[in-house]
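In the working numbering, the protein residues as written are 64 to 331.
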Amino acid sequence: MKLRKSRFLLVFSAIVLVLFLLRLLFPSLAKPRLKAAKHQEMKKEVKTLATDELVVDSDVLDPNKNKEQSIFYNADGTLAKRRIFSVPNFGNTFPDQNDVQLTAAGRWGVTPVANRAEAARNTKQLVYVGSNPYFYVENLKSSIPYLVPRASILLQDIGRAYFDSLQCKGIPLHKLIITSILRSKEDVSKLRSHNHNATQNSCHMYGTTFDLSYNRYKTVEAPGEHRREVRNDTLKWVLSEVLRDFREHNRCYIKYEVNQGCFHITVK
Numbered sequence: 064m065k066l067r068k069s070r071f072l073l074v075f076s077a078i079v080l081v082l083f084l085l086r087l088l089f090p091s092l093a094k095p096r097l098k099a100a101k102h103q104e105m106k107k108e109v110k111t112l113a114t115d116e117l118v119v120d121s122d123v124l125d126p127n128k129n130k131e132q133s134i135f136y137n138a139d140g141t142l143a144k145r146r147i148f149s150v151p152n153f154g155n156t157f158p159d160q161n162d163v164q165l166t167a168a169g170r171w172g173v174t175p176v177a178n179r180a181e182a183a184r185n186t187k188q189l190v191y192v193g194s195n196p197y198f199y200v201e202n203l204k205s206s207i208p209y210l211v212p213r214a215s216i217l218l219q220d221i222g223r224a225y226f227d228s229l230q231c232k233g234i235p236l237h238k239l240i241i242t243s244i245l246r247s248k249e250d251v252s253k254l255r256s257h258n259h260n261a262t263q264n265s266c267h268m269y270g271t272t273f274d275l276s277y278n279r280y281k282t283v284e285a286p287g288e289h290r291r292e293v294r295n296d297t298l299k300w301v302l303s304e305v306l307r308d309f310r311e312h313n314r315c316y317i318k319y320e321v322n323q324g325c326f327h328i329t330v331k
């Protein structure tokens with residue numbers, strides 16, 4: 064049977080009227096459900112507030128509770144001091160030869176530039192590297208201060224990690240000294256004219272490689288301030304720990320250069 068619109072409205076109105084009369088005559092039918100829902104909501108709100116108060120009170124009573132312990136301080140607030148371990152053997156720990164580093168240099172580096180002027184114009188691929196709070200770029204004679212961004216980030220990270228390590232071991236801060244960075248073809252030619260050990264196809268030509276001195280460092284001190292002297296060997300041991308960690312984390316290749324007195328580093 065087809066239900067007409069007028070009949071549907073009549074039936075619907077009748078149902079609504081019946082429900083209204085039931086609600087009016089028996090109001091208790093709806094109250095228990097409403098009270099139960101409201102009661103559960105109030106219990107949840109009270110529980111949340113109580114939990115928040117406990118967290119706040121706990122933080123006030125013990126600020127260090129459930130927080131990561133700083134590597135610079137002990138639990139009692141005193142300055143933490145870590146031991147110096149160095150590495151077992153410099154040559155074995157940093158064995159990456161030129162052929163291995165050259166592969167990475169070709170992958171991440173730029174096309175070797177002819178001279179310094181060309182390097183200065185290549186601002187899209189190379190970034191300038193200058194002295195900063197973490198390292199000191201000495202007067203470069205056979206290279207220029209440019210790196211690809213990937214290598215520049217690596218250098219900055221090494222500098223920060225070295226400062227952190229010195230701080231943890233209670234050693235006065237010293238800047239790393241960079242002895243060589245990017246070499247143009249012209250620089251390589253001049254270098255080979257008086258140094259026959261210099262490589263024709265050097266990793267330094269790609270902007271991926273830099274040398275860090277391990278027997279010279281620059282003391283960080285304010286004008287007129289005189290920090291206590293630290294042996295270069297001590298600073299070298301700390302640096303070797305930092306570089307080993309970066310190498311083990313696949314950030315770079317490192318060669319321990321005996322004759323040049325530096326760590327030869329290429330970004331990976």
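Even for Gly, the Cβ is constructed at its ideal location relative to N, Cα and C.
Rounded separation between residue i and residue j - CA only
| i | j | result |
| --- | --- | --- |
| F309 | Q230 | 18 Å |
| V163 | A182 | 24 Å |
| S249 | R146 | This sequence places Glu at residue 249; Ser is not what is there. Those two C-alpha atoms are separated by around 45 Å. |
| G172 | C315 | 13 Å |
| D120 | P235 | Unreliable positioning characterises D120 in this predicted model, as indicated by a pLDDT of 41, which lies under 50. A coordinate reading is not provided. |
| R290 | T297 | 15 Å |
| V293 | S276 | 16 Å |
| L82 | F75 | 11 Å |
| S15 | S228 | With the chain covering only 64 through 331, there is no way to say anything about residue 15. |
| K157 | F148 | This sequence places Phe at residue 157; Lys is not what is there. Distance between the alpha carbons of F157 and F148: 16 Å. |
| L85 | I78 | 11 Å |
Cβ-Cβ distance between residue i and residue j below 8 Å
| i | j | result |
| --- | --- | --- |
| V330 | I221 | no |
| I244 | S206 | yes |
| I317 | D159 | yes |
| L189 | L210 | yes |
| I240 | R279 | yes |
| K238 | K281 | yes |
| H327 | T272 | yes |
Extent of the continuous alpha helix (DSSP H) run through residue i
| i | result |
| --- | --- |
| E249 | K248 to H257 |
| F148 | No alpha helix (DSSP H) contains F148, which DSSP labels as neither H nor E. |
| T166 | N161 to W171 |
| D227 | P212 to C231 |
Local conformation of residue i per DSSP, three classes
| i | result |
| --- | --- |
| H237 | strand |
| I78 | helix |
| F71 | helix |
| V330 | strand |
| Y199 | strand |
| V305 | helix |
| T156 | helix |
| T297 | helix |
| T282 | strand |
Element boundaries [beta strand (DSSP E), containing residue i]
| i | result |
| --- | --- |
| E320 | C315 to E320 |
| D274 | T272 to S276 |
Rounded Cβ spacing between residue i and residue j (contact assumed at less than 8 Å)
| i | j | result |
| --- | --- | --- |
| P208 | Y269 | The pair is not a contact, with the Cβ atoms about 15 Å apart (cut-off 8 Å). |
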